[in-house]
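In order, the protein sequences belong to chains A and B. Heads up, our numbering is the position in the first sequence plus 747, with the first residue counted as 1. With the first letter of the second sequence counted as 1, position 14 gets the number 0 in our numbering; the numbers rise by one all the way through. Where is the CB? At the ideal position from N, CA and C, for every residue including glycine. This one's a predicted model, so the numbers in the text were calculated from it and none came from an experiment.
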Amino acid sequence: GDHRAAARTSTELVAYKNVNDLPPPKDLMIQIDQKNEAVLFPIYGSMVPFHVSTIRTVSSQQDTNRTCCIRIIFNVPGTPFSPHDASSLKVQGSIYLKEVSFRSKDGRHISEVVQMIKTLRRQVMARESERAERAT
Amino acid sequence: MTDGHLFNNISLGGRGGTNPGQLKIFSGGILWKKQGGGKAIEVDKADIVGVTWMKVPRTNQLGVRTKDGLYYKFTGFRDQDASSLTNYFQNTCGLTPEEKQLSVSGRNWGEVDLNGNMLTFLVGNKQAFEVSLADVSQTQLQGKNDVILEFHVDDTTGANEKDSLMEMSFHIPNSNTQFVGDENHP
Chain A
748 GDHRAAARTS TELVAYKNVN DLPPPKDLMI QIDQKNEAVL FPIYGSMVPF
798 HVSTIRTVSS QQDTNRTCCI RIIFNVPGTP FSPHDASSLK VQGSIYLKEV
848 SFRSKDGRHI SEVVQMIKTL RRQVMARESE RAERAT
Chain B
-13 MTDGHLFNNI SLGGRGGTNP GQLKIFSGGI LWKKQGGGKA IEVDKADIVG
37 VTWMKVPRTN QLGVRTKDGL YYKFTGFRDQ DASSLTNYFQ NTCGLTPEEK
87 QLSVSGRNWG EVDLNGNMLT FLVGNKQAFE VSLADVSQTQ LQGKNDVILE
137 FHVDDTTGAN EKDSLMEMSF HIPNSNTQFV GDENHP
C-alpha cells in the first residue's frame, strides 16, 4: 500500500522545472507546448502553464459577433473519472482552479487549440494508464 | 540623466495583456509611458508601499504596490538591472524589494491569497498567476464549493492579446479551512 502510493506521487506530472524552460514569449494567446505537455494561457499579460493532465474537458463556441469562446475545465476532486485523485489527495484543503474561459477574435486558432489539447490529452492519458497498468 | 534610472522596453502588464513603454525610476518615484504616447503611469515615491521582484521567463518582473491598493507589474529587466534597482530602492525609498517566485509546474491546485484587490493563485508557495478583483464584474457561488469570477469585457484599453480571459472559477473543497464563513471570499 504505502510503497505504491509513494511510487505514484513520484510520477506526478510536472510541466516545467524551471522558469526559463517555458517557450519564448510569443503573442498573448493560448499556446500548446507538445514537448512539455503543457497548455499556456494568457492571464494578465503572463503566460500561465498548466499540465495537460490537469485538464478534464475543453470546448469552444462560436459567438454571434464573430468572436469565439473557449472553455477549459480542469480536474477537481469529487468529479467522476478524475484521474489525479491519488496525487491531489495528499494536498487536502487545497483550492483548485476549476475552469477558465477565454474570448478570442480568431475562431480558427481556437478550433486548432481545442483539437490540439484533445489530442495531447489523449496521448498523455493513454501513456499514463499504460504506465499505471505496468506498475501493478 | 543625472537622477535615477531609465529603461526602454519595459512592458506594463494587466487585464488586456501587456503594453511596451519606457520606465523611469527616479528620486521622485516611478514614471512609465506607453510607447508612442497615450497611457502614462506615475507613482509618487511616498505612495509606494512595497516592491517585489520575480523571475519570469527570460526576464525579470518588478511589482509596485501603492498605498491605494493598486499593483503595477513591469516586465523586461535584466538581472543586473534588478540588482542595481534593488540597491536604488533601498537607498532612495528605504524599501527592500521582496523576492517572489513563479510556479511553472502546471498544477491546478494550490492556495488563494488576497492582498488589496489582487487575487494570487499560489502553487507550492510560488505564484502561478494573479488577477485583479477590480476587473471582476460579477462573482457567483455555484453549489456549495465553487466560486465563479466574471471579468469585464474591455476592448478599449489597447488590449493586444488575442485571447482574453472572460471567466474563471475556483473549487474550494470542504476540507479547506481558509475561507470558512469569510464575507470577503472571492
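**Asked** Unbroken beta strand (DSSP E) runs of length 3 or more, entirely within the stretch 84 to 171 of chain B: which are they?
**Response** Qualifying beta strand (DSSP E) stretches, in chain order: 84 to 86, 95 to 101, 104 to 109, 112 to 118, 122 to 128, 132 to 137, 149 to 157.
**Item:** Pick from B/GLU28, B/SER69, B/THR78, B/THR45 that is closest to B/PRO58, judged by C-alpha positions
**Value:** Along the second sequence, read from residue 1 onward, the residue named residue 58 of chain B stands at position 72. Note that residue 58 of chain B corresponds to Tyr in the displayed sequence, not to Pro. Of the candidates B/GLU28, B/SER69, B/THR78, B/THR45, the one whose C-alpha sits nearest the C-alpha of B/TYR58 is B/GLU28.
**Item:** Buried or exposed (CB count within 10 angstroms, at least 16 for buried), B/ASN101
**Value:** As a first step, residue 101 of chain B must be located in the second sequence, where it is residue number 115. Label assigned to B/ASN101: exposed.
**Message:** Helix, strand or coil, according to DSSP, for B/ASP59 in the structure here?
**Reply:** Start at 1 with the first residue of the second sequence, and residue 59 of chain B comes out as number 73. According to the sequence displayed, residue 59 of chain B carries Lys and not Asp. The answer is strand: DSSP assigns B/LYS59 an E or B state.
**Item:** 8 angstroms Cβ cutoff met for B/VAL122 and B/GLU136
**Value:** On the second sequence, position 136 is the one that residue 122 of chain B refers to. On the second sequence, position 150 is the one that residue 136 of chain B refers to. A contact, by the Cβ cut-off of 8 angstroms.
**Asked** With a CB to CB cut of under 6 angstroms and the five nearest residues on each side skipped, what residues in its chain are close to B/LYS86?
**Response** For this step, residue 86 of chain B is matched to residue 100 along the second sequence. The residues are THR38, MET40, GLN113.
**Prompt:** Just curious, the alpha helix (DSSP H) that A/GLN852 is in, first and last residue?
**Reply:** The sequence position of residue 852 of chain A within the first sequence is 105, counting from 1. Per the sequence presented here, residue 852 of chain A reads as Lys, with Gln not at that position. No alpha helix (DSSP H) contains A/LYS852, which DSSP labels as neither H nor E.
**Request:** Let me know if A/ALA873 comes out buried or exposed under the rule of 16 or more other beta-carbons within 10 Å of its beta-carbon.
**Result:** In the first sequence, residue 873 of chain A corresponds to position 126, counting from 1. Classification of A/ALA873: exposed, given that the 10 Å Cβ count is below 16.
**Asked** Taking C-alpha atoms, which residue in A/VAL761, A/ASN767, A/ALA879 lies nearest to B/THR43?
**Response** Within the second sequence, the letter at position 57 stands for residue 43 of chain B. What sits at residue 43 of chain B in the sequence shown is Pro, not Thr. Among A/VAL761, A/ASN767, A/ALA879, the Cα nearest to that of B/PRO43 is on A/ASN767.
**Prompt:** Closest Cβ-Cβ distance between B/ASP132 and chain A: below 8 angstroms?
**Reply:** Taking the first residue of the second sequence as position 1, residue 132 of chain B is located at position 146. B/ASP132 counts as touching chain A.
**Asked** Given that A/ASP768 touches chain B, what residues does it touch there, using C-beta distances under 9 angstroms?
**Response** Within the first sequence, the letter at position 21 stands for residue 768 of chain A. By Cβ distance, chain B contributes PRO43, VAL90.
**Which residues DSSP lists as bridging B/LEU(-8), in chain order** = Here residue -8 of chain B refers to the residue found at position 6 when the second sequence is read from its first residue. Per DSSP, the beta bridge partners of B/LEU(-8) are B/LYS10.
**Request:** Identify the contact partners of A/VAL863 in chain B, using a Cβ-Cβ distance below 8 angstroms as the criterion.
**Result:** Numbered from its first residue, the first sequence carries residue 863 of chain A at position 116. Correcting the residue identity first, residue 863 of chain A is Met in this sequence and not Val. Within chain B, no residue comes near A/MET863; the closest Cβ sits about 14 angstroms away, beyond 8 angstroms.
**Request:** Could you please give the first and the last residue of the uninterrupted alpha helix (DSSP H) stretch that includes B/ALA68?
**Result:** Locating residue 68 of chain B in the second sequence gives position 82, counting from the first residue. Per DSSP, B/ALA68 belongs to the alpha helix (DSSP H) from 65 to 74.
**Beta-carbon proximity of A/VAL786 to A/ILE802, cut-off 8 angstroms** = To locate residue 786 of chain A, count along the first sequence from 1; it is residue 39. To locate residue 802 of chain A, count along the first sequence from 1; it is residue 55. Taking C-beta atoms as the reference points, A/VAL786 and A/ILE802 count as a pair closer than 8 angstroms.
**Prompt:** Using a Cβ-Cβ cut-off of 6 angstroms (strictly less than) and excluding sequence neighbours within five positions of B/LEU17, which residues of its own chain qualify?
**Reply:** Taking the second sequence and counting its residues from 1, the one referred to as residue 17 of chain B is at position 31. Its chain contains LYS10, GLU28 as the residues whose beta carbon lies nearer than 6 angstroms to that of B/LEU17, once the 5 sequence neighbours on both sides are disregarded; these appear in chain order.
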